[in-house]
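Quick mapping for you: the protein sequence lines, in order, are chains A and B.
205 is the number that the UniProt record's numbering gives to position 205 of the first sequence; each next residue is one higher, with no gaps.
137 is the number that the UniProt record's numbering gives to position 137 of the second sequence; each next residue is one higher, with no gaps.
There are 2 protein chains.
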Amino acid sequence: MTRQDEVPAELRRLWGLAGPARLGRPAELDVASVVTAAIELADRDGLAGVTLPKVAKALGFTSMSLYRYVGSKDELLALMRDAGLGTPPLIDTSHWRDGLRAWADAQRDLYARRPWLIGIPLSGPPSGPHEIAWMEVALASLAGTRLSWPEKVGVLGVLGGYVRHSVQLSREMAEGRGEQSQASAEREYGRALATLVTADRFPETAKLFGSAVFATPANDDYTFGLDMILDGIAAAAG
Amino acid sequence: MTRQDEVPAELRRLWGLAGPARLGRPAELDVASVVTAAIELADRDGLAGVTLPKVAKALGFTSMSLYRYVGSKDELLALMRDAGLGTPPLIDTSHWRDGLRAWADAQRDLYARRPWLIGIPLSGPPSGPHEIAWMEVALASLAGTRLSWPEKVGVLGVLGGYVRHSVQLSREMAEGRGEQSQASAEREYGRALATLVTADRFPETAKLFGSAVFATPANDDYTFGLDMILDGIAAAAG
DNA sequence: TGAGTTTGTTTATAAGAGAAACTATGTCAG
DNA sequence: CTGACATAGTTTCTCTTATAAACAAACTCA
């Protein structure tokens with residue numbers, strides 16, 4: 001029955017256990033509105049565009065009013081993260097490999113849609129309802145395997161970390177090819193770098209730079225890496 | 001011969017291609033001193049302790065003087081990252097699996113010694129001399145395999161991302177067990193969370209939370225995950 | 001109706017990033 | 001040897017941000 005007392009305020013806000021106080025001046029705002037406004041800002045201007053003053057202005061209030069709802073900016077980020085994750089899609093978890101692949105793909109799509117999610121440093125174990133819902137799907141996929149709990153956690157870490165990392169990387173590369181002016185700057189940067197990475201000091205890397213890897217679409221790389229990890233899991237989980 | 005002209009200033013600073021100007025007032029500082037001072041601060045106070053005013057004070061100069069050497073704070077962070085990586089240890093790269101494992105372990109040690117390295121968001125492809133030296137070691141390990149260049153890059157991404165992620169995670173857990181007062185707070189937090197993660201909504205996660213995973217040392221998990229990834233690479237690389 | 005409570009605002013502080021103008025100190029050409 | 005020029009470091013200034021403290025406004029309930 002989750003007694004609402006004894007639950008830290010931070011968790012209560014994460015799980016939406018607010019319950020409007022019936023004493024005192026009635027609230028015009030609530031946590032959800034604040035978080036939604038912040039997310040809209042992040043969707044438009046990226047994480048750097050999210051500041052308490054800006055969120056407040058978007059809502060038509062002063063910065064300080066937000067502190068009645070979020071405690072600190074870091075907490076706002078945590079709330080944004082959980083709300084931004086949203087409810088995971090329905091995934092068939094009867095076969096661990098297909099389940100995990102679908103899970104990874106869904107996360108990838110999500111990160112592509114909300115790049116700023118990656119920018120929020122995850123501090124602490126998963127604790128928001130959506131975060132845990134995602135975790136539940138992955139754990140459900142692994143339920144049939146003979147992995148121990150710590151091993152399952154390890155698998156989640158590898159897989160989740162990979163998706164994050166992969167999206168972040170392909171994002172950076174895409175930015176490089178973004179605008180015309182920046183593209184040429186990036187090209188020049190690459191050429192200058194190539195002159196510094198000489199074959200005598202860095203033989204393999206020099207070969208790599210000579211192979212025009214950084215021009216290929218990163219989609220195949222993602223699939224390759226994912227399969228690699230799934231193979232690794234297969235070796236451990238049977 | 002790496003013509004120093006045409007190389008962007010940022011790269012020139014990263015690679016130490018300064019060459020003291022022989023015209024005008026002689027410099028009392030240089031990039032290396034600034035970066036060293038910043039790293040000392042980071043080693044002591046973490047990344048949050050690194051601000052331009054503080055670095056400048058540590059050197060006995062004003063904040064603004066630093067801009068003669070680093071361009072922006074982000075660039076300072078990039079310089080710190082490369083310098084903080086340092087030269088990779090000598091690693092036997094004749095067998096890819098042993099080579100990669102040693103590479104991963106070395107990175108792990110490094111991150112343990114300089115946790116703030118993980119906090120610096122890596123923006124853009126590897127471009128500093130040390131960063132590239134590390135990459136060279138990993139690529140050298142993979143030289144004997146039949147992987148394509150994009151596949152090799154994929155392997156590096158998975159492995160490097162995993163080490164980062166793993167260290168970051170174990171670090172967070174260690175912080176949780178840090179001080180006495182915080183430990184109890186953390187415990188209470190965990191108990192409260194456990195009441196929210198009910199078996200009806202999150203059956204697998206509830207079981208996980210009931211298994212006291214978060215008390216185990218994370219070292220085994222690291223080895224497990226690493227082996228898993230190496231197995232995956234083996235499946236792809238022969 | 002007034003005490004207690006909650007909300008939003010005002011005001012203030014402290015910090016940081018960075019721009020612009022200025023001063024100090026050197027080289028070199030004549 | 002002197003002035004033009006270039007480079008270094010400083011001073012001063014402007015924004016922007018997070019957040020604390022005190023306060024005013026709005027509501028409930030005894």
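By construction, the Cβ of each residue, glycine as well, lies at the ideal position given by its N, Cα and C atoms.
task: Starting from the Cα of A104/B, find the closest Cα among A83/B, G210/B and F224/B and give me that residue.
output: F224/B
- prompt: Buried or exposed: G46/A, going by 16 or more other Cβ atoms within 10 Å of its Cβ?
  reply: exposed
task: Run down chain B in chain order and give the residues with a C-beta less than 7 Å from the C-beta of T205/A.
output: I132, M135, E136 and L139
- prompt: Are there 16 or more other CB atoms within 10 angstroms of the CB of M64/B, so buried, or fewer, so exposed?
  reply: exposed
field: Chain-ordered chain B contacts of W15/A [CB-CB under 8 Å]
entry: L196
- prompt: Around the Cβ of A162/B, are there at least 16 other Cβ atoms within 10 angstroms (buried) or fewer (exposed)?
  reply: The identity of residue 162/B in the sequence shown is Tyr, whereas the question assumes Ala. Per the 10 Å Cβ criterion, buried.
query: With I233/A and V155/A assumed to form a contact (beta carbons below 8 Å), what rounded beta-carbon distance in angstroms separates them?
result: 6 Å
- prompt: How would you call E188/A, buried or exposed, if buried means at least 16 neighbouring beta carbons within 10 angstroms?
  reply: exposed
query: Would L139/B be called buried (16 or more neighbouring beta carbons within 10 Å of its own) or exposed?
result: buried
- prompt: Any beta-carbon of chain A closer than 9 Å to the one on L142/B?
  reply: yes
query: By Cβ distance below 8 Å, which residues in the same chain neighbour T36/B in space, the five residues on each side in sequence not counted?
result: A83
- request: Name, please, each residue of chain B whose Cβ falls closer than 9 Å to the Cβ of G157/A.
  value: Y162, H165, S166, L169, D221 and G225
task: Decide yes or no for the touch test of the segment 127-144 of chain A against the segment 193-205 of chain A: beta carbon pairs closer than 8 Å, at least 3 of them.
output: no
- request: Drop a sphere of 10 angstroms on the beta-carbon of S181/A, count the other beta-carbons inside from all chains shown, and report buried for 16 or more, exposed for fewer.
  value: With a pLDDT of 45 at S181/A, under the threshold of 50, the predicted position of this residue should be treated as unreliable, and no value is reported.
query: Can you give the Cα-Cα distance for S211/B and L169/B, rounded to whole angstroms?
result: 18 Å
- prompt: Which of the three DSSP states, helix, strand or coil, is assigned to P129/A?
  reply: helix
task: State yes or no: is the beta carbon of M189/B nearer than 9 Å to at least one beta carbon in chain A?
output: The question names Met, yet the displayed sequence has Tyr at residue 189/B. For Y189/B, the answer is yes, since a Cβ of chain A falls inside 9 Å of its Cβ.
message: Check this for me: beta carbons of A48/B and M80/B, under 9 Å apart or not?
response: no
- prompt: Who are the neighbours of I233/A on chain B, taking C-beta pairs under 8 Å?
  reply: M228 and G232
query: Taking A18/B as the reference, which of A9/B, G24/B, T62/B and P26/B has the closest Cα?
result: A9/B
- prompt: Got a sec: is the Cβ-Cβ distance from A37/B to anything in chain A below 9 Å?
  reply: no
Reduced DSSP category for I120/B - H, G, I as helix; E, B as strand; rest coil: coil
- prompt: Can you find a CB in chain A that lies within less than 9 Å of the CB of K54/B?
  reply: no
- request: Kindly say whether P115/A, judged by its beta-carbon, lies nearer than 9 Å to any beta-carbon of chain B.
  value: no
message: According to DSSP, simplified to helix, strand and coil, what is S95/B?
response: For the record, residue 95/B in the displayed sequence is His; it is not Ser. H95/B falls in the coil class under three-state DSSP.
message: In whole angstroms, give me the CA-to-CA distance for S33/A and V50/A.
response: 14 Å
Given V158/A as reference, the closest of L230/B, A42/B, G24/B and R97/B once Cα atoms are compared: L230/B
query: Looking at the C-beta of T72/A, does it have a partner C-beta in chain B at a distance below 9 Å?
result: The amino acid at residue 72/A is misidentified as Thr; the sequence shows Ser. S72/A does not count as touching chain B.
- prompt: A21/B by DSSP, collapsed to three states: which one?
  reply: coil
query: Would you call the CB atoms of W116/B and A42/B closer than 9 Å?
result: yes
message: Using only CA atoms, which one of A194/A, A206/A, D221/A and R12/A lies nearest to E75/A?
response: R12/A
message: Using only the alpha-carbon positions, how far apart do E6/A and G124/A sit?
response: 20 Å
- request: List the residues of chain B whose Cβ lies closer than 8 Å to the Cβ of V213/A, in chain order.
  value: W149, P150 and V153
message: So S127/A and L193/B are supposed to be a Cβ contact under 8 Å. How far apart are they, rounded?
response: 6 Å
Bounding residues of the alpha helix (DSSP H) (the contiguous stretch that carries L29/A): Note, L29/A: premise wrong, no alpha helix (DSSP H); not H, not E.
task: Express the C-alpha separation of L226/A and Y69/A in angstroms, rounding to a whole number.
output: 40 Å
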